[in-house]
Amino acid sequence: MSFRVDVWEGGRIALFSLKANRLRTVLTTVGIGVGVCTLLAIVGIIQGINQSFADQLAQIGSNTIQVSKFPWAMGGDWWEYRNRKNLSADLVPAILKSSEHVVAVAPIYFERVEARFLERRMASVVVLGSTPEVALISSLNVDQGRFLTTADVETRSQVVVLGSEVARTLFPGLNPVGHRMVLGTKPYRVVGVMESKGTVLGENQDLQVLIPYRSFQTHFGKRNSPVINVMVDSPDNVLKAQDLLAATLRRERRTPPGAKDDFALNRPEQLANMYAQLTGALYGAATGVGLITLLVGGIGIMNIMLVSVRERTREIGVRRALGARKRTIILQFLMEAASVSAVGGVMGTLVGLGLAKTVSWITPLAAAVKPLTIVGGVGFAAAVGLLFGIWPAARAANLDPVEALRHD
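Each residue of the sequence shown is one higher than the one before, starting from 9 at the first, in the numbering used here.
What follows is the structure, encoded as structure tokens:
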């Protein structure tokens, strides 16, 4: 009961003191608010970038393997990868039989060409030559018309499925399905339009068009090395399927025993690990800057509280002479410091959230602050106030009552 009384009295006196010294309170609040704002803005941007990267990896799929001539993370000699023998769509049947866990395989050829419809042109449109299975592996959905069929591939049909942005640019106000357009120098009939996919790992998926891979080979050449996307039945079976796939590829490509693999097996997990390595130190440094700013705000609180103790020495002496215990004095100053910090934390949180959102609007950087981070920001600010208020509070409580009464 006595402790509750001490808390009540300490809180009441602390609020009265803060009200009596408005300018000092405002300056202290601003100091801690700047620290919380900086920290929360940095954390918000970091969380947003992490979430954006995770969402893009999810679009690739955790149960996919990409067979490629080049690894996603090239740690060796580039010319060694460059001189590897090209992959071929002829590997698809063997890959399908490599493991019972492989459920779909799609070769993908790439080329950038100019796309035209009547007088409208688009430069550097990405043409993908593939099979119907790519829709399942890459989660592609058709918004209008239809997707590629096996018959389109076998008969080398000159048909194309457009990305949503290509369709909007070349066919404004029109339904593109059924119209003929030109890719490079070859005419193609539009049979479908894909739903918008947005940007995945820096590549705008809506600026792509899909044609049968045999038509691609006929019109754009067979010299390109495709990537081959492999879908596994479950993420739990990816590593098992990868080992069997590697053995199959070595056999099909006649890689000599003891020689290194002349192909790369890429998984989204590898990109995630590479991302963590590249950004870990950067994020640590950015968070460190925010913590240092908050530390400066905490030191400001301590200095202000020490000044407050010196100015109120006589008041403390009177209270001690009238029977106030050390605990009561300590609680008063701690609550005063924590109150200022908490108010600064709330203000800094609001400004920090606004700053993070503003950055996400005017730059490509995403921003996403989790509710737990907001609660943590305010709580951490109050904790900083308590921590840096301990010394001034202890100094006030340990003043000699007689000496304090003599203070002028």
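C-beta atoms are modelled at their ideal positions from N, C-alpha and C, and glycine is treated no differently.
Note that the coordinates shown come from a computational prediction; the quantities given were computed from them, not determined experimentally.
One thing to note: Gly200 has its Cβ within 8 Å of the Cβ of Arg154. Looking at Leu47, Arg128, Tyr117, the one whose alpha-carbon comes closest to that of Thr226 is Tyr117.
With respect to the C-alpha of Thr336, the residue from Asn71, Lys248, Ala404, Leu302 having the closest C-alpha is Ala404.
By alpha-carbon distance to Ala49, the top candidate from Glu344, Gly331, Leu302 is Leu302. Under the three-state reduction of DSSP, Asn274 is assigned to strand. Within the region 235 to 320, the runs of beta strand (DSSP E) at least 3 residues long that lie entirely inside it are, in chain order, 235 to 240, 272 to 274. Residues of the same chain with a CB within less than 8 Å of the CB of Tyr291, apart from the 5 flanking positions on each side, are Ile54 in chain order. Listed in chain order, the non-local C-beta contacts of Val161 below 7 Å within the same chain comprise Thr139, Pro220, Tyr221, Arg222, local neighbours out to five positions each way being set aside.
Within the same chain, Cβ atoms closer than 6 Å to the Cβ of Asp241 are found at His109, Val111, the five residues on either side in sequence being excluded. At a Cβ-Cβ threshold of 8 Å, Pro115 and Val100 count as neighbours.
In the DSSP assignment, Asp214 falls outside any beta strand (DSSP E), carrying neither H nor E. Taken in chain order, the unbroken stretches of beta strand (DSSP E) that lie wholly in the region 162 to 206 and span 3 residues or more are 167 to 170, 188 to 191, 194 to 202. Per DSSP, Pro140 lies in no alpha helix (DSSP H) segment and is marked neither H nor E. Distance check between Gln340 and each of Gly43, Val185, Met313 places Met313 closest, using alpha-carbon atoms only. The C-beta distance from Phe78 to Ala272 rounds to 6 Å, short enough to fall under 8 Å. Its Cα nearest to that of Arg120, the residue Val217 stands out among Ser96, Val217, Trp80.
Distance between Trp369 and Val359, taken at the CA atoms: about 15 Å. For Glu323, the closest C-alpha among the options Leu182, Val133, Leu407, Lys230 is that of Leu407.
The residues Ile309, Met313, Gly393, Leu394, Phe396, Gly397, in chain order, have a CB closer than 7 Å to that of Ala345 in the same chain once the five nearest residues on each side in sequence are set aside. By the criterion of a C-beta distance shorter than 7 Å, Pro234 is surrounded in its chain by Leu95, Ala97, Pro115, Ile116, Tyr117, once the five residues flanking it on both sides are discounted. For the set Arg261, Val42, Arg333, the Cα lying nearest the Cα of Asp269 is the one of Arg261. At a Cβ-Cβ threshold of 8 Å, Asn274 and Ser76 count as neighbours. Taken in chain order, the complete alpha helix (DSSP H) segments of 4 or more residues contained in the region 50 to 119 are 86 to 90, 100 to 105.
In the three-state DSSP reduction, Gly352 falls in the helix class (H, G or I).
Within the model, the alpha-carbon separation for Ala249 versus Phe179 is close to 43 Å.
If the five residues before and after Thr381 are omitted, its C-beta is found closer than 8 Å to the C-beta atoms of Leu48, Val51, Gly52, Gln55, all from its own chain and listed in chain order.
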